[in-house]
Every structure is written in structure tokens, then in C-alpha cells.
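S.K.: These protein sequences, in sequence, are chains A and B.
For the first sequence, the numbering used here begins at 1 and goes up steadily by one.
For the second sequence, the numbering used here begins at 1 and goes up steadily by one.
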Amino acid sequence: MAQKLRPAHPLETRVLLQGFDEPSSWTIDVYEKKLGGYAGARKAVAMAPDAIITEVKNSGLRGLGGAGFPAGMKWSFIPKNSGKPVYLVCNADEGEPGTFKDRQIMEHMPHRLVDGMISAASAIGSETGYIYVRCELRLAIERLEKAIEEAYAKGYLGKNIFGSGRNFDLTVHPGAGSYICGEETALIESLEGDRGQPRLKPPFPAVSGAFGCPTVVNNVATLANVPGILLNGAEWFLKLGQNTPRSAGTFVYSVSGDVKNPGFYELPLGTNLNVLLNEVCGGPLPGRKFKACYPGGSSSPLLTADEFDVKMDFDSLAAKGTMLGSGAVIVLDDRRSIPEVCMRTARFYAHESCGQCVPCREGTKWTYLMIKRLVKGEGTQADIDKALQACANMAGKTICVLSDACAMPVTSMIKKFRAEFEALARPASEVTPAVPKVSGQLAELMAAVRERQTR
Amino acid sequence: MAYEFSPETEKKFQWLLTRYPKKDAVLIPILHKVQSEIGWLSPESMEYVAGRLGLSPARVREVASFYTFFRLDRKGKYVLQVCQTMSCYLRGSDEIVAKLQQLLGIQAGETSADGLFSIEKVECLASCSTAPVMQVNDWDFHEELDLERVEKIVALLKQGRGGHACYEKRVADGGVA
Ligand SMILES: Cc1cc2nc3c(=O)[nH]c(=O)nc-3n(C[C@H](O)[C@H](O)[C@H](O)COP(=O)(O)O)c2cc1C
Ligand code: FES
Numbered sequence: 001m002a003q004k005l006r007p008a009h010p011l012e013t014r015v016l017l018q019g020f021d022e023p024s025s026w027t028i029d030v031y032e033k034k035l036g037g038y039a040g041a042r043k044a045v046a047m048a049p050d051a052i053i054t055e056v057k058n059s060g061l062r063g064l065g066g067a068g069f070p071a072g073m074k075w076s077f078i079p080k081n082s083g084k085p086v087y088l089v090c091n092a093d094e095g096e097p098g099t100f101k102d103r104q105i106m107e108h109m110p111h112r113l114v115d116g117m118i119s120a121a122s123a124i125g126s127e128t129g130y131i132y133v134r135c136e137l138r139l140a141i142e143r144l145e146k147a148i149e150e151a152y153a154k155g156y157l158g159k160n161i162f163g164s165g166r167n168f169d170l171t172v173h174p175g176a177g178s179y180i181c182g183e184e185t186a187l188i189e190s191l192e193g194d195r196g197q198p199r200l201k202p203p204f205p206a207v208s209g210a211f212g213c214p215t216v217v218n219n220v221a222t223l224a225n226v227p228g229i230l231l232n233g234a235e236w237f238l239k240l241g242q243n244t245p246r247s248a249g250t251f252v253y254s255v256s257g258d259v260k261n262p263g264f265y266e267l268p269l270g271t272n273l274n275v276l277l278n279e280v281c282g283g284p285l286p287g288r289k290f291k292a293c294y295p296g297g298s299s300s301p302l303l304t305a306d307e308f309d310v311k312m313d314f315d316s317l318a319a320k321g322t323m324l325g326s327g328a329v330i331v332l333d334d335r336r337s338i339p340e341v342c343m344r345t346a347r348f349y350a351h352e353s354c355g356q357c358v359p360c361r362e363g364t365k366w367t368y369l370m371i372k373r374l375v376k377g378e379g380t381q382a383d384i385d386k387a388l389q390a391c392a393n394m395a396g397k398t399i400c401v402l403s404d405a406c407a408m409p410v411t412s413m414i415k416k417f418r419a420e421f422e423a424l425a426r427p428a429s430e431v432t433p434a435v436p437k438v439s440g441q442l443a444e445l446m447a448a449v450r451e452r453q454t455r
Numbered sequence: 001m002a003y004e005f006s007p008e009t010e011k012k013f014q015w016l017l018t019r020y021p022k023k024d025a026v027l028i029p030i031l032h033k034v035q036s037e038i039g040w041l042s043p044e045s046m047e048y049v050a051g052r053l054g055l056s057p058a059r060v061r062e063v064a065s066f067y068t069f070f071r072l073d074r075k076g077k078y079v080l081q082v083c084q085t086m087s088c089y090l091r092g093s094d095e096i097v098a099k100l101q102q103l104l105g106i107q108a109g110e111t112s113a114d115g116l117f118s119i120e121k122v123e124c125l126a127s128c129s130t131a132p133v134m135q136v137n138d139w140d141f142h143e144e145l146d147l148e149r150v151e152k153i154v155a156l157l158k159q160g161r162g163g164h165a166c167y168e169k170r171v172a173d174g175g176v177a
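#1: Within the same chain, show all residues whose beta-carbon is closer than 7 angstroms to that of residue 53 of chain A, passing over the 5 residues directly before and after it, in chain order.
#2: Step through the CB atoms of chain B and report whether any lies within less than 9 angstroms of the CB of residue 263 of chain A.
#3: Listed in chain order, which residues of the region 90-112 of chain B have Cβ atoms closer than 7 angstroms to some Cβ of chain A?
#4: Figure out for me which residue from A:150, A:171, A:154 and A:330 has the closest Cα to the Cα of residue 131 of chain A.
#5: Any idea what DSSP makes of residue 82 of chain B, helix, strand or coil?
#6: For residue 110 of chain A, count neighbouring Cβ atoms within 10 angstroms of its own Cβ and tell me buried if that reaches 16, exposed if not.
#7: What separation, rounded to the nearest whole angstrom, lies between the Cα atoms of residue 372 of chain A and residue 83 of chain B?
#8: Within 8 angstroms, do at least three Cβ pairs link the region 130-148 of chain A to the region 50-68 of chain A?
#9: Could you give the first and the last residue of the continuous beta strand (DSSP E) run that contains residue 358 of chain A?
#10: With contact counted as at least three CB pairs below 8 angstroms, one residue from each stretch, are the region 257-266 of chain A and the region 113-130 of chain B in contact?
#11: How many Å lie between residue 10 of chain B and residue 55 of chain B at the Cα?
#12: Shorter than 9 angstroms from the beta carbon of residue 156 of chain A to some beta carbon of chain B?
#13: Anything in the region 22-37 of chain B with a Cβ closer than 9 angstroms to a Cβ of chain A? List those residues in chain order, please.
#14: Compare the beta carbon distance of residue 299 of chain A and residue 317 of chain A with 9 angstroms and say whether it is the shorter of the two.
#15: Can you give the Cα-Cα distance for residue 448 of chain A and residue 434 of chain A, rounded to whole angstroms?
#16: Could you check what DSSP says for residue 345 of chain A in three-state terms: helix, strand or coil?
#17: What is the DSSP secondary structure of residue 57 of chain A, counted as helix, strand or coil?
#18: Step through the CB atoms of chain A and report whether any lies within less than 9 angstroms of the CB of residue 154 of chain B.
#19: Which one or two residues does DSSP pair with residue 411 of chain A in a beta bridge?
#20: Buried or exposed: residue 195 of chain A, going by 16 or more other Cβ atoms within 10 Å of its Cβ?
#21: Determine the DSSP secondary structure at residue 46 of chain B, reduced to helix, strand or coil.
#22: Can you tell me whether residue 168 of chain B is buried or exposed? The criterion is at least 16 other CB atoms within 10 Å of its CB, across all chains shown.
#23: Is it buried or exposed, residue 379 of chain A, if we count other Cβ atoms within 10 angstroms and call 16 or more buried?
#24: Taking three-plus beta-carbon pairs below 8 angstroms as touching, is the region 154-166 of chain A in contact with the region 138-155 of chain B?
#25: In chain order, what residues of the same chain have a beta carbon less than 8 angstroms from the beta carbon of residue 315 of chain A, not counting five sequence neighbours either side?
#26: Along the region 169-184 of chain A, where does the CB come closer than 7 angstroms to a CB of chain E? Name the residues.
#27: Using 9 angstroms as the limit for Cβ to Cβ distance, is residue 294 of chain A near chain B?
#28: Given that residue 95 of chain A touches chain B, what residues does it touch there, using C-beta distances under 9 angstroms?
#29: Could you name the residues of the same chain whose beta carbon sits closer than 7 angstroms to that of residue 84 of chain A, not counting the 5 residues immediately before and after it, in chain order?
#30: Using 9 angstroms as the limit for Cβ to Cβ distance, is residue 86 of chain B near chain A?
#31: How many angstroms separate the CA atom of residue 468 of chain A from the CA atom of residue 322 of chain A?
#32: Between residue 277 of chain A and chain B, is the shortest Cβ-Cβ distance under 9 angstroms, so that the two count as touching?
#33: Indicate the three-state DSSP secondary structure (helix, strand or coil) for residue 401 of chain A in the structure shown.
#34: Does the count of Cβ pairs from the region 334-354 of chain A and the region 186-205 of chain A closer than 8 angstroms reach three?
#35: Is residue 375 of chain A near residue 412 of chain A, with beta carbons less than 9 angstroms apart?
#36: Around the C-beta of residue 250 of chain A, are 16 or more other C-beta atoms found within 10 angstroms, so that it is buried, or is it exposed?
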């Protein structure tokens, strides 16, 4: 079921979500006739590729999948005339806890994504595109497949699109339940029919991505922004945000947790977090006070309530030691125990580690176990430091940044709310020390070794 | 039990082969189709898919077992997937799971003896602002759940209503709690 629609908040500027509340907004008729859709793609197929890239570069459009890499620059890395096909892959794996912006676009505005993909494909000279969607998002998949079918019927996809002489084929590719497949190289492995284990970079996808060919991977919202930029110009996009290339356009913030009106809100990039939470989202639940929040998905370091006076953009949040990430604000109020929240966060990453790098596979698990011991009243002061140590030992030491995604929030929680963790610690004499649990052959082997040592 | 593609799955398979430059890429989409057809990935079905794609059965199992969505064991007719991730936890997903366990007499991860229900705890379903959420059979989405609605949903499913592959149909059948 699609999420309930609500009218735009007065502070919202709906660009990506323009036409969202139109009945049947997901059909080609409404998108094209009522909302002026596909004008961007029509324009793009007639433009020189470099002109598209320049316009997008000038607009300041940054990747909205989490890292904020400038989209136009990423496209410019695609080698010209490599003799190989170029692939355009849309990252619609949306798995970062707290994030639901892409799903909204796909369910309500699937054509805007197709429109954007045609435009991006024209820029990079791609004739084949894939939308890698989380398989759990059934309605999104159904609407995208229907949208693609409609676009083929109109000649907007397939051979000689819009009569331009260009070709572009587009296919929806379902994921299969794995957070790590949102990482672009894992996504490519998965698209190719393998286990979703990230690849070492370099080579970067722009040189050797899907099927060994130059590939651009972009997030849903990044691509859906392109038609607007081509139609209205870079200047227009810059002004939607803070009028700087580092902070341009609007941003769809996903807000959830302990807040009065959770939801998705399209606001100028760089809207103050206090404004977002207190004015747009109606403040805390009745009788409650804000305690902290993750500003950019569960991978982002926590901000305490007295740090909420911050602009929600890439640079301002980085300056505060956290990140915008996917723009998913998860709010915690004064009822919440930070160690409990921390344990849940660590558990997620321990579960989702793909297991190929030892520091991540073991580090995420140890972090989770240490915090769990504390929460269960079986942990000591030393366990707090062991968790911190495990975090320090995995962050930055692995193929992808999943280990960092676990280490960053956990470390921030322990640093900012250490007293809460310490309150749970018990004297070492009262608890059994943590030892790795082993079973089967390894346990037998260890028992044998121990026996030999005591003999 | 021997397995081969139904005519519909065969059609999808042939179409998929035209969409990718390499055959291997068809593997995950076709496993989805097989699972939606027979409810899980039986060893025979994986072996059959391997044969059709010219892959070793071990390779197919290796891939299938990596992804949590693929079911290598038979599950209940209705698989109740409750999101347990942060935003849902904050809005009471633990109580939802406890309620289901109490109503069905099974633990999360188990299947009821009559083969009707399985409870699964899953990670964020990208519906965090309408937490807590539960998905029935990978499709039927229930948002802003409370314990009363959980009871109603289970009661409807026990009568064989709800759990359809389409929300509109569910409304038409009165399967909406
Ligand atoms: C563990 C992990 C998970 C990720 N998950 C997603 C995701 O669900 N969706 C997404 O768009 N990007 C995700 N990313 C970021 C992608 O690797 C990549 O940077 C992004 O798709 C590029 O698109 P953009 O430049 O348009 O943002 C993830 C990265 C990591 C390390
Ligand atoms: S946390 Fe449950 S849907 Fe996102």
C-alpha cells in the first residue's frame, strides 16, 4: 500500500514531489499531460552529451544516495569511445534504516525516474539501464514496470527514442533482501547474478562496472532531479537550495521515530534541523522532549538535542562531526535508553555485514555483543571500552564502509552518553567474562589445546 | 519433487534472457519468479534453474543462500514479516512480535504446525514514518499497527481473507483490518 498523501507543508517546495497528490500520478497520462513530464528527456535526447553534463555540473546536483558526490562530475568520468557499452544503473535498493524517499518517488512518480534516466543515459552515451530495486518494495516494482511498459509503448524507450536516433532499454531488476547491495559495487555484483559482496576500488565503476563495462550508479532521487534541471536551468536549481554549488536544490527529508508528524518533506537543502523537527514535523510527542537524533540514517553519528541548531546540508553536518547521508532523521525522545538504541543499531550492521572482510565481520558482531552484555546487565566497564576498541579497529580498514557505518553511530553514542552506559556496567567480579562462543569441531579443537596446555 | 518452469515462468525466463548481456544476471530475477510460484526454493528447483542457466547447482545455492529474501526452507502459507529496525522499534514493534507469538503459539522464525503462519523479523521496510509496519507474504502492507489491528489481521487470515497479491483486491474482499 502506498503511504498516505498529505498536502504540502507551507515551508515545503515540491520539485521532485511536484504533482505528488494528483490522482493517478503514476500513470503516463497524468505525468505527461498534467505535469508536463518527459519534456526533460525530450530536450536531453536532442542535446550534445557534454552540454547535459555541463548543465548538471553547474547546477550543483549532488548524489542523494548518501555520499553526495557531484552527479555531473561522476558522469564526466565515463570514458568517451571506449568501444564498450555503457551502463546506467539506478540504485533503488533503499535500505538505510529510516529512509523512505526513493520509495515515495517510485510509487507515486515512477515516470519522473524514467524521464531522468533517459536524460542521464543521453549524457553518458548509455543504451542500457537497470533499476535495481529492493524486492520488498512490491508496489514500487509494479508501478515502475508499468511505467516502463507505457514509455516503451510511446516510443520513449527502446529504439530511436523520441525519433532522436538514440536507443535506450530499461529493465527493473529486483534485489533479494540484503542491505549491503545498496553499496554500488555490491549492487553491481548482485546485478550480475552473484553474492552481493563489495569490490575493491579502483577500478571505479566508471571504468569497469557492470559486466566489466563503464557504468554510472546513481540514486533514485539524484536521477529524478535531472529533468527539472535540464528544463529550468542550473541557476534555478542552485536557487532552490542555498545558491551554492555545494548546497543546491531541494532535499526530501525522511523523518521518523519520536516526533509528532513523521513523514517525508521536500525542503530547501540546508533547512535548519530545529525548523524541520519543530515547525514542519510539529515538535515532540505530547509531554515529551527531544533527546537526540540520527540526522542522516542509522549510519550517522547522533546529534544531541542541544546540537539541533544546524543546517541540514552535507557540509554543515560534516562540520558537526556527523553527516547528511540519506537525509533520514530518526528522532529519539527523553524516554529512550541510548544503550538499547545502540545495541539495536549494532545488531543491524552485524546482521548485514557481508562477511568478506574480517574486521567488519568480527568487529560488528563484537560491538553488538559487548553492548548487549551491558544492556542485559551482564557487562562491565571494560566492555564499554572493548566496544569502542572494536569500532576503532574496523572503521576505515575494510573494502566498503559498512564497518564505518556501524562504528560511527556506536562511537558517537558512547562518547555523548557514556554515563548511561556506565550506569549499566557491573563490577567485573560479578559477571562472567566475554569469550567468543564456538561450537562443533573448533570447540573440540580448542578443548584439546587447552587440555594439552594443562598437562 | 521434480520441478520445471510453468509456462508463465518459462515465458518470463525467455524474456529475461533478452534483457542482460550475460546469462548469469538472469539468476536472481528467475529465482524470485520460482519462489513466488512455489513459495520457496526447493533443492530441485535450484538444480533445475542451474541446469537452464548452465551454472553449477553449488553456484545457485551459494547465491540464493546469501540473500535473506530467498527461502531455502518451506514456510507457512502466510509469512508475517514484522520490521524490527529502529523507527519501528521506537513505535512498538517488539510488542507486535510478542502479540503475534502469543496469538499463533510460535516464536519468530518458526512456522505453525498447521503450516498456515510463519513469523519473521525483518529489517527496515522503508516505511518508517508509518511505523510499526508488517508485511504479509511480501506484499500486503500494514502500517501504523496496533495490537488490536494485529488481532484482526490474524483473524482475517485464519478465515482465508487478506494476504492477496493486491491491495485493491484485499479491500474488495473485505480483508482490510
Ligand atoms: C553499506 C552501504 C549501503 C548503501 N546503500 C545505499 C542505498 O540503499 N541507496 C543508495 O542510493 N545508495 C546507497 N549507498 C551509496 C552507494 O554506494 C552509491 O554511493 C550511490 O548509489 C551513488 O549514487 P549517488 O551518487 O546518486 O548518490 C550505500 C553505500 C554503502 C557503503
Ligand atoms: S524501521 Fe521499520 S520500516 Fe523503516
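Here a beta-carbon is modelled for each residue, glycine too, at the ideal position from N, C-alpha and C.
M.R.: According to the structure data:
#1: 72, 75, 76 and 123
#2: So, interface residue.
#3: Hits within the stretch, in order: 90.
#4: Among A:150, A:171, A:154 and A:330, the Cα nearest to that of residue 131 of chain A is on A:171.
#5: strand
#6: With 16 or more other Cβ atoms from the protein chains shown falling within 10 Å of its own Cβ, residue 110 of chain A counts as buried.
#7: 20 angstroms
#8: no
#9: No beta strand (DSSP E) holds residue 358 of chain A; the alpha helix (DSSP H) holding it covers 358-375.
#10: yes
#11: 17 angstroms
#12: no
#13: Cβ contacts with chain A come from 22, 23, 24, 25, 26, 27, 28, 29, 31 and 32.
#14: no
#15: 21 angstroms
#16: helix
#17: helix
#18: no
#19: Answer by DSSP bridge pairing: none, since residue 411 of chain A is not bridged.
#20: buried
#21: helix
#22: Any reading at residue 168 of chain B must be qualified, since the residue scores a pLDDT of 48, below 50, and its modelled position is unreliable; no value is offered.
#23: Result: buried.
#24: no
#25: Excluding positions up to five away in sequence, the list reads 246 and 247.
#26: No chain E appears in the structure shown, which is made up of the protein chains A and B.
#27: yes
#28: 123, 124 and 126
#29: 213 and 214
#30: yes
#31: Since the first residue shown for chain A is 1 and the last is 455, residue 468 of chain A is missing from the structure and cannot be characterised.
#32: no
#33: coil
#34: yes
#35: Taking 9 angstroms as the cut-off, the beta carbon of residue 375 of chain A is found no closer than this to the beta carbon of residue 412 of chain A.
#36: buried
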